[in-house]
Amino acid sequence: MSNWFPEWLPYKGSADIRPIGTNEYLPAAQSAVLGIQHVFAMFGATVLAPFLMGFDPNLAIFMSGICTILFFLITGGRVPSYLGSSFAFIGVVIAATGYAASGSGAPNLNLPVAAGGIIACGVIYALFGFLVMATGTRWIEKLMPPVVTGAVVMIIGLNLAPATVRNVTGDNFNMWMSLVTVLSMGCVSVFAKGLLQRLLLLVGLLFAYLLYYLVSNVMGYGKPIDFAPIQQAAWFGLPKFHSPVFDFNAMLIIAPVALILLAENLGHIKAVGAMTGENLDPHIGKAFVADGIATTLSGGVGAPGMTTYGENIGVMAVTRVYSTIVFAIAGVFAVLLGFSPKFGAIIHTIPTAILTGASIVVFGLITIAGAKIWIENKVDFSKNKNLMVAAVTVILGTGDFALQFGSFNLGGIGTATFAALILNWFFSLKDKS
């Protein structure tokens, strides 16, 4: 029986010649810098997701670090991944809690109910992981082919679009500043190169924040940024934890996100495996279990559900450094950031207009990621089966077609997800006849 952890070896050579493997390590100083870099890469998305759900961003950062370290331990340091706040939960959490998603950072008064649903999702996700460890991944690919996963990913972005735009509707200044934020992120994405391009959310957010400060605090337009809470906040302190409440309806709405996380994580591991040239398939089940346990733990303290991060996969692609030790270091840095209430106060000064602009970009990117799945997998839309599955799923999700079963509301994303799975299965019966 092989050891749980690999035998790590010092890297010898140049990253220009060959990538740094998962079981290799760099000198301490270089590893520390690379770890901090991964924290920057995940920062924008991991902060934005809890804001949109009414969770504490500081707690989300703290738990992203804890969960990344946990993932490292459970997978035996064999899968390079950073775990951060999942955007897949936003629509279902809003549906389950009635949160207004104002982008103002106001706390979600029904956060404990959402936490209970996230725990349920994490448990189901982990159970899927154990099933994969026993049976392999073929059944996932059959249950959720690209036409289904593409449509489901797409509706996560489209379902949230109306609420996002409503955040600034009626306030001309905020609407313009939202567009400035979109332009800032777009410029970083298109004109920047290398690692800077991968940090488009963070760098674009910082640039838009600076512009907002100049226009409002200096020139006197719009609502100025209030820096008083930063001065009043302590440098060190524990994040505020929340106990979960297990509401059956909320659990039924949120738990199906496990299917989305399965498909997302599977795609990420396949992508990393292709980049490293290593066969990571034997570790997919352990990765699912690790992510499921991490999501359960995160929900248990009132933080968002977790997922592996594409942003950090992008950083690996740029740096060609796949050493899993770097991710353990990144997790430690994130935990340290989570211990600073002052850091949390800085996050809470981000204006609604900037968060809305960032949301427009993020939800747009999620939507296009769904289309990208279709394109990369060459989904044949000349087949009526694929056409109907995609068409019905996208409209049900975008229109927030929420089925009601007694007092239980499935929500638009939940309805669309189950519709995609059932229609794909039902229409596939024709292929067997």
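Sequential numbering of the sequence shown, starting at 1200, is according to the numbering used here.
Quick reminder that beta carbons are idealized off the backbone N, C-alpha and C, glycines included.
These numbers were taken from a predicted model, which means no experiment stands behind them.
- Around the CB of P1306, fewer than 16 other CB atoms lie within 10 Å, so the residue is classed as exposed.
- Here the alpha carbon of M1252 sits roughly 16 Å from the alpha carbon of S1263.
- Within the same chain, Cβ atoms closer than 7 Å to the Cβ of I1318 are found at P1443, T1495, G1498, G1499, the five residues on either side in sequence being excluded.
- Assignment of L1342 by DSSP, reduced to helix, strand and coil, places it in the helix class.
- A contact is defined here as three or more CB-CB pairs under 8 Å, and the region 1583-1592 fails this definition with respect to the region 1371-1387.
- For S1442, there is no enclosing beta strand (DSSP E), as DSSP marks it with neither H nor E.
- Within the region 1272-1327, the complete beta strand (DSSP E) runs of at least 3 residues fall at 1282-1284.
- The criterion of a C-beta distance shorter than 8 Å is not satisfied by Y1508 and P1279.
- If you draw a straight line from the Cα of S1284 to the Cα of N1257, it comes to about 11 Å.
- Straight across, the Cα-Cα distance linking I1567 with A1529 is about 29 Å.
- Separation of the CB atoms of P1218 and T1475 is rounded to 6 Å, and the pair is thereby assigned contact status at 8 Å.
- Leaving aside the five residues that flank L1342 on each side, none in its chain has a CB nearer than 6 Å to its CB.
- With a cutoff of 8 Å on beta-carbon distance, V1232 and V1578 are scored as not near each other.
- When T1597, A1449, G1613 are compared, the shortest CA-CA separation from T1296 is found for A1449.
- Counting along the chain, the unbroken beta strand (DSSP E) around M1505 starts and ends at 1505-1507.
- In the pairwise beta carbon analysis, the region 1459-1477 is classified as not touching the region 1234-1252: fewer than three pairs are separated by under 8 Å.
- The beta carbon of A1325 sits closer than 6 Å to the beta carbons of V1488, G1491, I1492 from its chain, once the five residues preceding and following it are set aside; these are given in chain order.
- Here DSSP, grouped into helix, strand and coil, assigns E1575 to helix.
- A direct Cα-Cα distance of roughly 32 Å separates N1373 from A1615.
- Bounds of the alpha helix (DSSP H) holding K1469 are 1456-1475.
- V1500 carries a coil assignment under DSSP once its states are collapsed to helix, strand and coil.
- For I1621 and W1434, the gap between their C-alpha atoms comes out near 51 Å.
- Look at P1550 here: in three-state DSSP terms it is coil, with no helix or strand label.
- Excluding the 5 residues flanking it on each side, G1436 has same chain C-beta neighbours closer than 6 Å at P1540, in chain order.
- Distance check between N1511 and each of A1454, G1349, L1282, L1461 places L1282 closest, using alpha-carbon atoms only.
- Annotation for S1377: V1367, A1552, T1555, G1556, I1559 place their beta carbon closer than 7 Å to its own, counting only its chain and skipping 5 residues before and after.
- DSSP links E1206 through a beta bridge to no other residue.
- Taking C-beta atoms as the reference points, G1349 and I1572 count as a pair closer than 8 Å.
- Bounds of any alpha helix (DSSP H) do not take in A1391, whose DSSP letter is neither H nor E.
- In this structure, the beta-carbon distance from N1309 to T1597 does not fall below 8 Å.
- Around F1445, the same chain offers G1315 as residues with beta carbons nearer than 6 Å, after the five sequence neighbours per side are excluded.
- P1503 places its beta carbon less than 8 Å from that of F1288.
- Judged by beta-carbon spacing, V1291 lies within the 8 Å limit of I1453, meaning their Cβ atoms are closer than that value.
- Listed as beta-bridge partners of I1219 by DSSP are V1520.
- By the Cβ-count criterion, P1481 is exposed, with fewer than 16 other Cβ atoms from all chains shown falling within 10 Å of its own Cβ.
- The region 1417-1424 makes no contact with the region 1259-1273, as fewer than three CB pairs between them are under 8 Å.
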